[in-house]
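Here the sequence shown is numbered in the numbering used here, starting from 3 and rising by one per residue. All C-beta atoms, glycine included, are put in the ideal place defined by N, C-alpha and C.
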Amino acid sequence: MSHRTLPLALLLSMALMSGCWGGPRHTLGMQGGMLAPCPSSPNCVHTGLRHPEGTLGMFGDADVPREEWMNRIAAVVAELPRTTIITRDADYLHAEVTSRIFRFVDDLEIGIGPDDEILVRSSSRVGRSDLGVNAARVEDLRTRLKAAGAIR
3 MSHRTLPLAL LLSMALMSGC WGGPRHTLGM QGGMLAPCPS SPNCVHTGLR
53 HPEGTLGMFG DADVPREEWM NRIAAVVAEL PRTTIITRDA DYLHAEVTSR
103 IFRFVDDLEI GIGPDDEILV RSSSRVGRSD LGVNAARVED LRTRLKAAGA
153 IR
């Protein structure tokens, strides 16, 4: 590589690296009882908006406080591979999921909606396609939550 192309290659590498390990591309958290909508790219799944099954489910027992349901949900999320819970309160949980090989970070958000429905948003931070990873994650989460009795 010549001395003239080295700075350009270094600059390009830094730009690519910052795009791969940057923060979320959307506002995190619950707003008006909903999670942020997915972008038009196919690397995001949002229950109730672009997911064939609709919301993730409902609480198994209406007499259990929301905080206890979020404790049950958080326990299941903490068992997901390469997943770190970042933020959690009585109605909302945000976790980061790191891919095995390339170490890309996806955002997994779970919120309790106004009608006690469980809302989930799983979104890639980079790229356009995720090869179905986020949809598979949401289905795996649904299966795990049902098995744990966290949703019905």
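Could you tell me the distance, in whole angstroms, from the CA atom of residue i to the CA atom of residue j?
{"i": "residue 104", "j": "residue 128", "result": "12 Å"}
{"i": "residue 108", "j": "residue 98", "result": "6 Å"}
{"i": "residue 144", "j": "residue 79", "result": "11 Å"}
{"i": "residue 124", "j": "residue 34", "result": "19 Å"}
{"i": "residue 20", "j": "residue 126", "result": "Residue placement at residue 20 is poorly supported in this model, since its pLDDT is 40, which falls under 50; the coordinates are not used for a value here."}
{"i": "residue 37", "j": "residue 148", "result": "22 Å"}
{"i": "residue 89", "j": "residue 106", "result": "19 Å"}
{"i": "residue 54", "j": "residue 47", "result": "Here the model assigns residue 54 a pLDDT of 47, short of 50, so the residue's position is not dependable, and the following value carries that caveat. In a straight line, the C-alpha of residue 54 is about 10 Å away from that of residue 47."}
{"i": "residue 132", "j": "residue 110", "result": "14 Å"}
{"i": "residue 70", "j": "residue 114", "result": "12 Å"}
Starting from residue i, trace the alpha helix (DSSP H) both ways and give me its first and last residue.
{"i": "residue 75", "result": "68–80"}
{"i": "residue 147", "result": "135–149"}
Checking 7 Å against the spacing of the C-beta atoms, do residue i and residue j come in under that value?
{"i": "residue 122", "j": "residue 135", "result": "no"}
{"i": "residue 138", "j": "residue 75", "result": "no"}
{"i": "residue 120", "j": "residue 95", "result": "no"}
Residue i lies in the beta strand (DSSP E); which residues open and close that run?
{"i": "residue 128", "result": "Where residue 128 is concerned, there is no enclosing beta strand (DSSP E), given that its DSSP letter is neither H nor E."}
{"i": "residue 40", "result": "Element bounds for residue 40: n/a, residue is neither H nor E."}
Ranges of the beta strand (DSSP E) found wholly within the region 77–122, counting only runs of at least 3: 85–90, 94–100, 107–114
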